[in-house]
Each structure stands twice: as structure tokens, then as C-alpha cells.
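Engineer: Quick note on my numbering: the sequence shown kicks off at -12 and runs consecutively. Every residue, glycine too, gets a C-beta built ideally from N, C-alpha and C. First the structure, then my questions, so here it is.
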Amino acid sequence: MDIRHLTYFIEVAKHSSFTKAARTLHVSQPSLSKTIKQLEREFDVPLFYRSSKKLELTDAGEAVLKNAQNVIDAFQNLQAGVTDLADIKKGQIRIGLPPIIGAAFVSSLISSFIEDFPLIDLRLSEVGSIAIKKRHYRLTCWVHLQVPLQGEDFECKQILHDPLVAVMHHDHPLSLNEHIPLKALEEEHFVLYRNDFSLHRSIIEECLRQGFFPNAVCESSQKDFMLQMVEAKLGIALLPEHIAKTMQSHVLSYVPLEDNPLHLELVMIWRKDSYLPFAARTFIEEASSYYSTAQKEARGS
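Now the structure itself:
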């Protein structure tokens, strides 16, 4: 059996139409029909009930559809494993980055990795946690730098545990303190991450534990926009320390929080059910070592 035949079958079943499936697959309709008939001959059963009005799966077709994607995934994992053994210095990897960390956080790591492994095809994409759970990301080699995800489908390795700090205009009276309790910000306006960010929920919950609800004047997914709002004296932002340390503004300061339970946690995650080739395993090892060294140096400075 040609594994592509199962891919074609899935598309026809998905669209309930040879015409639409052929358009999606960029093949001719006669060629697609021929492929499905060949698949039916191999199984020795009809997979579709063809009528003048619609195209429906037979019981046998339903059974094939239920298992076809698993067969394709297994074949791709097998293919990746064989390729891995044949050439361990090449490969392809996709790195998913959440919007919260920004390019500056990974640029040095990526540059170093490409220099050490120039034959590995590495590409970056901004990907949120919802997209990670979609099936599309099972079909290619993905490693994600991400806030921790709940679920049994993922393996993970922590690379960052970064405390949040209070970022404010340097004219603000609190900017003169070495540390401040979160409670000291009770009367302040806040510039927060958007409510679909895990840090938004963490900040709200901790403020409530401290006896107040933060007065948010602005919510955003972009740290640069949040910093601009703070520059304009519209509020105080609670941001990861690694972001605060790399601020380019001359009018902003940051102050650590006392007894601070608020942290940005970043992990590398990958799916348990997908083969992890050399390129991905190497990136995980390199990233772990890189950020471990960076954090030790930061603590020593």
C-alpha cells in the first residue's frame, strides 16, 4: 500500500467530495478517483457509498478512517527514525515560541545552535498553547518554548523560572525602593498581560490573596506596547525580570517584589506520541545547557 493513498482517502472523507479533495490535494479528480478505487481493491471492500446526491462512508470506510491517521503517524515516525540513523547531523526542526517571551530571549541561543549545526533546518514560529494541542503539530517535528501545559500528551523540561518585577516610570516614588511588597501596589493602575495569558490569571489570583483586585487600565500581548504604556505613566507593569533587564528605555525602572510567588515558568514541550529525531533532541540539550548557564551567571552577577 502507498501511504499517500490513505492521505487521499482522509481528504475525500473530510470533504465528502472528490472534487473538493482533489482541489485541496492539488491532483486531478480522475487520478484521485483511481487512487480510491485502488485502495478499495486492496481492502476488497467499498469504502464509499456513491450516489447521485452525496458521497458517504460505508461501515468499512468508517473503520479505515478511524485508524488511517494513526497509520500515517506511525509511518512518519518510522521514516524519521530511519533518516535519523542515516544522517545524524542533518534534520528539520520547528521551534514554537509563545508571544510572551519575544525574539531577544532566544536570538543568542538560535544563533549559536545554527553555528554549531549548520545543516539542521531550523525555523521559528509564534505559536500559542491552543494551537499546540491541534493535530497539525503532530505531523512535523515541533519543540515549543512554552508556559507549562496540563495533560498527558506532552513531555516537558523546565528551562526558566523567572520572577516578575514591578516596572514603573523612574519618576514614581516606589522606584527608589530596593524591594516592595505586592500590597504596596494596591492603589496603582496596572498594565497587564491579556486575559488569555497564564500570567494574567496568576497576577489576579495573587493580588486577591493580598486583599485587593488590580485596577487594570490596559491589557496587551505585546511587551513593547506594555512598556510604552508605562513610559507614558499610565500604570505599572509586572513583567519577567529578563525582560526588565533588557529594557532600552532611559525613563523606566524596575523593582523586585518581596516574598514573590509570581514567576514566569518556561518549559520545552514535545508530544509523547511522536518520534523525536536528532535535530530536536540536540536542540533540547543545547537549550537546557544554554539557559542553565545563563541563569547561573545572572545569579552570580
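Looking only at its own chain, which residues have a Cβ that is under 6 Å from the Cβ of L251, when we skip the five neighbours before and after it?
Structural biologist: These residues qualify, in order along the chain: D149, P227.
Engineer: Shortest alpha-carbon distance to D335 belongs to which of E(-2), S276, E272, R258?
Structural biologist: For the chain, the structure presents residues -12 to 288; residue 335 sits outside this window and is missing.
Engineer: Roughly how many angstroms lie between the CA atoms of T280 and A0, to the nearest whole one?
Structural biologist: So the two alpha carbons sit approximately 51 Å from each other.
Engineer: Would you check if the distance between the CB atom of A153 and the CB atom of I97 is smaller than 8 Å?
Structural biologist: No. Outside cutoff.
Engineer: Taking C-beta to C-beta, are A162 and S236 nearer than 8 Å?
Structural biologist: Just to set this straight, residue 162 is Ser in the shown sequence, not Ala. Against a cut-off of 8 Å, the Cβ pair of S236 and S162 comes out as no contact.
Engineer: Exposed or buried, C143, counting other C-beta atoms within 10 Å across all chains shown (16 or more means buried)?
Structural biologist: By the neighbour-count rule (16 or more Cβ atoms within 10 Å), C143 is not buried but exposed.
Engineer: I think F(-4) touches L34, with their Cβ atoms under 8 Å apart; what is that distance to the nearest whole Å?
Structural biologist: Confirmed, Cβ separation roughly 7 Å.
Engineer: Take the Cβ of H229 as the centre, count every other Cβ of all protein chains shown within 10 Å, and call the residue buried at 16 or more, exposed below.
Structural biologist: By the 10 Å Cβ count, H229 comes out buried.
Engineer: Spatial neighbours of L169 within its chain, please: CB distance less than 6 Å, with the 5 preceding and 5 following residues excluded, ordered by chain position.
Structural biologist: Cβ within range, chain order: Q197, L244.
Engineer: Leaving out five residues before and five after R110 in sequence, what residues of the same chain have Cβ atoms less than 6 Å from its Cβ?
Structural biologist: The residues are R81.
Engineer: Mind the definition here: the stretch 209 to 223 touches the stretch 187 to 195 only if three or more C-beta pairs lie below 8 Å; say whether that holds.
Structural biologist: Contact fails: fewer than three Cβ-Cβ distances are below 8 Å.
Engineer: Using beta-carbon positions only, say whether L12 and E(-2) come within less than 8 Å of one another.
Structural biologist: Closer than 8 Å, so yes.
Engineer: Provide the residue span of the alpha helix (DSSP H) that contains L186, from first to last.
Structural biologist: Run containing L186: 185 to 196, per the alpha helix (DSSP H) assignment.
Engineer: Using DSSP with H/G/I as helix, E/B as strand and the rest coil, what is R10?
Structural biologist: Note: R10 maps to helix in three-state DSSP.
Engineer: If you count every other CB in all the chains shown that lies within 10 Å of the CB of I256, and 16 or more means buried, which is it?
Structural biologist: Classification for I256: buried.
Engineer: By Cβ distance, which residues of its chain are closer than 6 Å to S3, with the 5 residues on each side in sequence left out?
Structural biologist: L42.
Engineer: Do you know how far the Cα of Q66 is from the Cα of A9?
Structural biologist: Taking the straight line from one Cα to the other gives about 26 Å.
Engineer: So the alpha helix (DSSP H) P150 belongs to, where does it begin and stop?
Structural biologist: Looking at the DSSP string, P150 is not in any alpha helix (DSSP H); the run it does join, the beta strand (DSSP E), is 141 to 156.
Engineer: Among the candidates T22, H166, G78, whose CA atom is the shortest distance from the CA of V242?
Structural biologist: Comparing Cα positions, the closest option is H166.
Engineer: Got a sec, what are the start and stop residues for the beta strand (DSSP E) D(-11) sits in?
Structural biologist: It is not in any beta strand (DSSP E) - D(-11) carries neither H nor E in the DSSP assignment.
Engineer: Tell me whether E27 sits in a helix, a strand or coil according to DSSP, three-state version.
Structural biologist: DSSP places E27 in helix when its eight states are reduced to three.
Engineer: H159 and E218 - do their beta-carbons sit closer together than 8 Å?
Structural biologist: Their beta carbons are not under 8 Å apart, which means E218 does not touch H159 by this criterion.
Engineer: Return yes when the Cβ of F62 is within less than 8 Å of the Cβ of I(-10), no when it is not.
Structural biologist: Result yes, Cβ atoms of I(-10) and F62 sit closer than 8 Å.
Engineer: Find out if the Cβ-Cβ distance for the pair H208, P86 is shorter than 8 Å.
Structural biologist: Position check: residue 208 holds Ser in this sequence, whereas His was assumed. Yes, the Cβ-Cβ distance between S208 and P86 is below 8 Å.
Engineer: Output the distance between the C-alpha atoms of Y277 and S112, rounded to the nearest integer angstrom.
Structural biologist: C-alpha separation (whole angstroms): 20 Å.
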